[in-house]
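The structure appears below as structure tokens.
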Amino acid sequence: MTVVMDPTAGRVAQAVQPATRPMTLAGAVVGLLDISKPRGDVFLDQLEVELESRGLTVKRFKKPTFSKPAPVDLRHEIATSCDAVIEALAD
Amino acid sequence: MVKRDCPTCELVVPVLLELLTSDADLDVFVQDDPSFPDLGDSDPIDDTDLDFSFHHDIETVPTLIQFDAGTEVARTVGWSRDDWRALTGQTAIGESLPDSRPGCGSLSVDPLLVDDLRVRFGGSQLSGRRIELAALEDEFEAAFDRGWTDGLPVVPPTEARVLRMLDGTARSPADIVATVPPNLVEVTVEQVAINAVMAGCKPEYLPVVLAAVEAACTSEFNMHGLLATTYFSGPVIVVNGPMARRIGMNSGTNVFGQGNRANLTIGRALQLVVRNLGGGVPGQVDMACQGSPGKLAFCFAEREHDSPFTPLSVSRGLAPDASAVTLFAGEGPTPIVDQLSRTPESLARSMASVLRATHHPKLVIGWDAMLVVGPEHGRVFADAGWDRTRLLGELDELLLIPGRELVRGAGSIDEGLPPEFHDATLPKFADGRPAIVHAGGDAGLFSSVLPGWVGGELGSDMVTVKIEE
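Protein chains in written order, with the working numbering: chain S, 275 to 365; chain X, 727 to 1195.
As structure tokens, then:
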């Protein structure tokens, strides 16, 4: 019998409960997160028009760079000021 | 402490009998045969499991140790009449023996046994989880089955191998090396050592691996983004200083290729750390569109002894006698072939023309690159007195590009810069780039470009870390 040392961090993924989804967007504040990929803004501009035409409030956010995780302060601001968020993930 | 298989131990048996009949309080331990030596009324103490020998660091038999209230106060190894008499206070022992005889090797340091002994008696210094493989499980297949490999077989990280790997550093196994992305796991020296074993490293490579892990996990290098990007790049490790020579790294012929254990296994160990400890699994967090074969392992030493340039690590602020790793986010080499230029001006133009085309001839500033100058090209610069600063300055000038060649639509190519840059003049690379390194074999009028990922704040900056020896 061979005994080897575990080369992994030995972690078990923890299940995270997603935030409750709003049943309706009526009166919701929707955050639009631009991750700073080229032309993500074009997509989000169009979304903003569409959402505002339906009477929703839109707040725009932008990550400093697509190559690093969003700063914790930005994540907190989105979480506390929006009911829903849409992220433009790629160019 | 004695063993039967030792002529010096047999020689001292009469002395042991003399001591037993004196007022000395003597215990005789034996390593190999509990019936040896014949002490008459008393029996030797069986240390065939080598427990006592291991824990008292016995390297030679016979070893005579004096204890006072359980604490060692003196020892002598082999046979020396003067030393034995001084240590025991028995001034008449061993009269008929020769003055001295060297001892034999202790079984507790026998190369064939020592690894097992270290696991049995010293394994507790490892805090990681032990995994028992089933008797019918092939140990190499087991690593594949558990998702621990990069696609090639790995060396099974047995406790003995991990303990031996840890001999390569003075650092404690429990020391934290870095916080490894993407799962942001604090990893210990022991955990890095386990992965270094799997990569095929020798213990003397471990300090280089530790430095590389530390460098990769800085926010400047941004291993997280480098892993997650759809782009090609992975960490490229450049090693400078005496350490590279001492562990036999390749800075010469076939420098980016196969054949050198240190180059390949150090590069591989970093990637296994990111995969197994950080959780950076291809196709999950590593979303490279095409990737690069260099993501298996990409590590080489700079050819310093005949370089026209200061070593990369020195250009980045380290002392010339320091060993260091520098991490660059790049991919496989693009050749620069120029077999006719004999002036630095012409050669620099050749290099600039290839550098201009990296990533895309119409994309500028954002992307990074490393220029690796081969020795035969390097000699052209050396003969003309061009150092790193001079070459970089010349390249900067040669790589200023009119905006009209770069804008979208220019050359009937849609890719390019927005139209407002039409009348601007733009540099191919951001200030201070590309990095310049000297490496390669004696023959061949070749250099290369290692194209890189996005440079700077938006992507990755080179990071240099001193290797703790």
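Even glycine gets a Cβ: it sits at the ideal position worked out from N, Cα and C. Note that the structure is predicted; figures quoted are calculated from it, not measured.
According to the DSSP assignment, residue 778 (chain X) belongs to the alpha helix (DSSP H) that extends over 777-781.
Secondary structure at residue 793 (chain X): strand, using DSSP grouped into helix, strand and coil. Within the same chain, 741, 790, 802, 819, 820 come within 7 Å of residue 810 (chain X) by CB-CB distance, once the 5 residues on both sides are set aside. Runs of alpha helix (DSSP H) with 4 or more residues, each lying fully within the segment 1009-1073 of chain X, are found at 1038-1041, listed in chain order. Between residue 743 (chain X) and residue 816 (chain X), the C-beta spacing is not below 9 Å.
Looking only at X:1091, X:1133, X:927, the smallest Cα-Cα distance to residue 1126 (chain X) is reached by X:1091.
Per DSSP, the beta bridge partners of residue 805 (chain X) are X:827. Listed along the chain, the chain S residues whose CB falls inside 8 Å of the CB of residue 861 (chain X) are 275. Nearest Cα to residue 930 (chain X) within the set X:968, X:901, X:950, X:1094: X:968. In the three-state reduction of the DSSP assignment, residue 768 (chain X) falls in the strand class, which pools E and B. Residue 879 (chain X) and residue 932 (chain X) have their alpha carbons spaced roughly 20 Å apart. Close CB contacts of residue 774 (chain X) within its chain, under the 7 Å cut and outside five residues either way in sequence, are with 757, 758, 760 (chain order). Contact annotation for residue 316 (chain S) against chain X: no contact, minimum CB-CB distance about 13 Å [criterion: below 8 Å].
Taking a beta-carbon distance threshold of 9 Å, residue 955 (chain X) counts as an interface residue toward chain S. Around residue 327 (chain S), no beta-carbon contact reaches into chain X at under 7 Å, the shortest distance being about 29 Å.
Its Cα nearest to that of residue 765 (chain X), the residue X:747 stands out among X:1037, X:912, X:747, X:1035. In summary, residue 1064 (chain X) is buried, with 16 or more beta-carbon neighbours lying within 10 Å of its beta-carbon over all protein chains present.
Along the segment 915-937 of chain X, going in chain order, the ones with a CB nearer than 7 Å to a CB of chain S are 920, 921, 924. By the neighbour-count criterion, in which 16 or more other beta carbons inside 10 Å mark a residue as buried, residue 980 (chain X) falls on the exposed side. The closest CA to that of residue 1093 (chain X), considering only X:1047, X:1083, X:1100, X:1016, is found on X:1083. In the three-state reduction of the DSSP assignment, residue 1147 (chain X) falls in the helix class, which pools H, G and I. For residue 1150 (chain X), same chain residues with a beta-carbon under 7 Å away, outside a window of 5 residues either side, are 1129 in chain order. When Cβ pairs closer than 8 Å are counted between the two stretches, the segment 340-359 of chain S is seen to touch the segment 304-319 of chain S, the count reaching three or more.
Closer than 9 Å to the CB of residue 1093 (chain X) there is not a single CB belonging to chain S. If you draw a straight line from the Cα of residue 873 (chain X) to the Cα of residue 798 (chain X), it comes to about 49 Å. Contact of residue 279 (chain S) with chain X by beta-carbon distance below 7 Å involves 852, 854, 856, 883, 885, 888, 920. The alpha carbon of residue 840 (chain X) has as its nearest neighbour, out of X:793, X:859, X:784, X:788, the alpha carbon of X:784. Around residue 1141 (chain X), the same chain offers 1086, 1088, 1089, 1134 as residues with beta carbons nearer than 8 Å, after the five sequence neighbours per side are excluded. For residue 868 (chain X), the nearest beta carbon of chain S is closer than 9 Å to its own beta carbon. Residue-level contact check: residue 874 (chain X) touches chain S, since one or more beta carbons of chain S fall below 9 Å from its beta carbon. Interface with chain S (9 Å Cβ-Cβ cutoff): residue 1142 (chain X) is excluded. CA-CA distance, residue 1054 (chain X) to residue 353 (chain S), rounds to 35 Å. Under the 10 Å beta carbon count, residue 1052 (chain X) is surrounded by 16 or more other beta carbons and is classified as buried. In this structure residue 885 (chain X) touches residue 277 (chain S) by the C-beta definition: roughly 7 Å separates them, less than 8 Å. For the 9 Å CB-CB criterion, residue 847 (chain X) and residue 1177 (chain X) do not form a contact. Nearest neighbour of residue 928 (chain X) by Cα position, chosen from X:911, X:895, X:1165, turns out to be X:895.
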